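Engineer:
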Amino acid sequence: MLFMLTAIAVILIPADALAWGGGIHLQLGANVLANSATLPGHLAALLTAHPRDFLYGCIAADIIIGKKFTHYLLNCHRWGIGLKVLKKAETDSQRACAYGYLCHLAADTIAHNYYVPYKIIRTFATVTMKHAYWEMRFETFVDKEIWELARDVCRSDQQANDKMLRSVLTATIFSFGTNKRIFNSIMLLSRLEKWQRVMLTLSKNSRYQLSENDRDEYMTLAGEAVMDYMRNPEESRLLKADPTGEKALAAADALRRSLRLLYKNGRMTKADGFEQVESLRIALRKSLDRPELLKELYSG
9 MLFMLTAIAV ILIPADALAW GGGIHLQLGA NVLANSATLP GHLAALLTAH
59 PRDFLYGCIA ADIIIGKKFT HYLLNCHRWG IGLKVLKKAE TDSQRACAYG
109 YLCHLAADTI AHNYYVPYKI IRTFATVTMK HAYWEMRFET FVDKEIWELA
159 RDVCRSDQQA NDKMLRSVLT ATIFSFGTNK RIFNSIMLLS RLEKWQRVML
209 TLSKNSRYQL SENDRDEYMT LAGEAVMDYM RNPEESRLLK ADPTGEKALA
259 AADALRRSLR LLYKNGRMTK ADGFEQVESL RIALRKSLDR PELLKELYSG
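When we follow this note's numbering, the leftmost residue of the sequence shown carries the number 9, and every step to the right adds one.
#1: What's the gap between the Cα of R289 and the Cα of A260?
#2: With DSSP run on the structure shown, which of helix, strand or coil describes G253?
#3: Output needed for A291: all residues of its chain with C-beta closer than 7 Å, excluding positions within five of it in sequence on either side, in chain order.
#4: Tell me which residues share the same chain as R163 and place their Cβ nearer than 6 Å to its Cβ, disregarding the 5 neighbours each side in the sequence.
#5: With a cut-off of 8 Å on the beta carbons, I'd call C105 and L177 a contact; round off their distance for me.
#6: Please report the distance separating the alpha-carbon of H33 from that of R264.
#7: Going by DSSP in three states, L269 sits in which element: helix, strand or coil?
#8: I need the straight-line Cα distance from R174 to G37, nearest angstrom please.
#9: Compare the C-alpha of P59 against each of G90, D70, G31, D100 and name the closest.
#10: Would you kindly work out how many angstroms separate the C-alpha atoms of G49 and N240, rounded to a whole number?
#11: Do Q35 and D151 count as a contact pair if the criterion is CB distance below 8 Å?
#12: Contact criterion: CB-CB distance below 8 Å. Does K255 meet it with respect to chain B?
#13: Out of E243, A133, Y226, which has the shortest C-alpha to C-alpha gap to L269?
#14: Output needed for D297: all residues of its chain with C-beta closer than 7 Å, excluding positions within five of it in sequence on either side, in chain order.
#15: Based on Cα-Cα distance, which residue from K303, M227, R223, A52 lies nearest to G108?
#16: Mind checking whether E147 and G31 have CB atoms under 8 Å apart?
#17: Going by CA-CA distance only, name the one from A97, L55, H112 that's closest to I71.
#18: How do the stretch 164-173 and the stretch 85-99 stand: do at least 3 beta-carbon pairs fall below 8 Å, yes or no?
#19: Return helix, strand or coil for L26, following the three-state DSSP convention.
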């Protein structure tokens, strides 16, 4: 039964905007812990005392499957929901988990407003590849040590943190308990070496490029986003950006359709299309600091 539910969840994922996978979020979280000395004193002490809780929070924001089936204000990837999780925390370990949850949202602002939208637009000349494809491509580059860390975090007692999350997060098509079991299965699948080898082979043979320079850029931006939030959680520039990337992703779909129509009708060459895509990439990058620019992209 659980296998069937997991399969259903995987089918739903492309429309569910997972953003970076669990491995990437753990890698970003581990980087925060490694640089905790640069954080405000109370946060550095909190994360140092409760590293597993913090790392669990870094992946726990993806427990809920089928986010699109709830009211947009109750989407678990909204800043308002993340801040409610923090407010609900009663212990230091729960607060560490809540900050991990908020770090997850900070990282997702990059994935959903820049990385995935750009990649979607760039496939105008071919079959479009959805969110999950591009996010899983990144998972193939996660270090083995991070997957070992994932096993450690997932095996640790998280009942108190789950109780906190259950009290805030709105259930969608599944209950919180079912969501958690599916989430655990997906994390287990991601950690399997056989799965990682399959994904690496698919990535190497893919027609869609994900160059080292691209990976470095996206990971640098995501890392900077997470650290920016943790160093200044109340006034971070990321609070202006939408972690769900709703507008950016909608704009990407619309722009891809427009470019594809021009290309298929012979009114634009592939080279001209890619030139336009690169200008759109620059606009998406600028919109990370100025979300109001997305409106111009969307209407244009």
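Heads up, the beta-carbon is just placed ideally off N, CA and C, and yes, glycines get one too.
Values in this document were obtained by computation on a predicted structure and should not be read as measured data.
Structural biologist: The short version:
#1: 10 Å
#2: coil
#3: L301, L305
#4: none
#5: Between L177 and C105 the Cβ distance is about 13 Å, and since that is not below 8 Å, they are no contact.
#6: 28 Å
#7: helix
#8: 22 Å
#9: D100
#10: 12 Å
#11: yes
#12: In the structure shown, chain B does not exist; there is a single protein chain.
#13: A133
#14: R245
#15: A52
#16: yes
#17: H112
#18: yes
#19: In this prediction, L26 scores a pLDDT of 48, lower than 50, which makes its location untrustworthy; the coordinate-derived value is nonetheless stated afterwards. It is coil, neither helix nor strand.
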